[in-house]
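Residue numbering for the sequence shown follows this note's numbering, beginning at 48 and increasing consecutively.
Every residue, glycine too, gets a C-beta built ideally from N, C-alpha and C.
Below: one structure, written as structure tokens.
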Amino acid sequence: MPKPDELLADVAALVESGQSNQMSLTVVTGGAVITGRLAPEAVWRQRVSEVLTDSARLGEFASIFTTTTRREGPPTHLHFHKARILQGPVGIPETGGMYRVSIDDVSAWTMGDFSYSDH
């Protein structure tokens with residue numbers, strides 16, 4: 048089991064405590080580069096639930112995201128919203144997505160989100 052990055056866990060804890068969604072972060076995980084804003088888990092879960100509720104085919108999964116169990120200790124995951132996976136000069140998806148990334152799986156990170164081009 049990898050040793051979690053304490054500084055990254057502190058960033059995640061501050062996002063969780065402040066209920067802020069303005070912290071931009073870029074991480075490398077599993078060979079992918081994900082860039083976007085962090086959100087508190089509860090806010091992220093609510094938004095995922097809303098998207099699923101609006102889907103004719105996936106609505107039944109919405110309730111899974113509305114139930115939260117408060118864990119003791121530092122956060123174990125980063126919750127991205129308005130995020131993109133960078134692939135060359137393009138960000139996927141164009142409109143931004145919602146990603147949950149284990150802090151233990153982050154191999155590199157930087158504050159801020161990277162620019163990308165749709166052209």
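Check the Cα spacing between I111 and each of G78, G135, E97: the tightest is with E97.
By the beta-carbon neighbour count (other beta carbons within 10 angstroms, threshold 16), T73 is buried. R147 is positioned such that its CB atom lies closer than 9 Å to that of H124.
Counting only unbroken stretches of 4 or more residues, no alpha helix (DSSP H) element lies wholly within the stretch 121-153.
Judged by DSSP in its simplified three-state form, T114 adopts coil rather than helix or strand. The beta-bridge partner set that DSSP reports for V75 consists of V80, A155. With respect to the 9 Å criterion, A86 and H128 are classified as neighbours on the basis of their beta carbons. Cβ-Cβ distances below 8 Å link G106 to L99, T100 in the same chain, with the five nearest sequence neighbours on each side left out; the list follows chain order.
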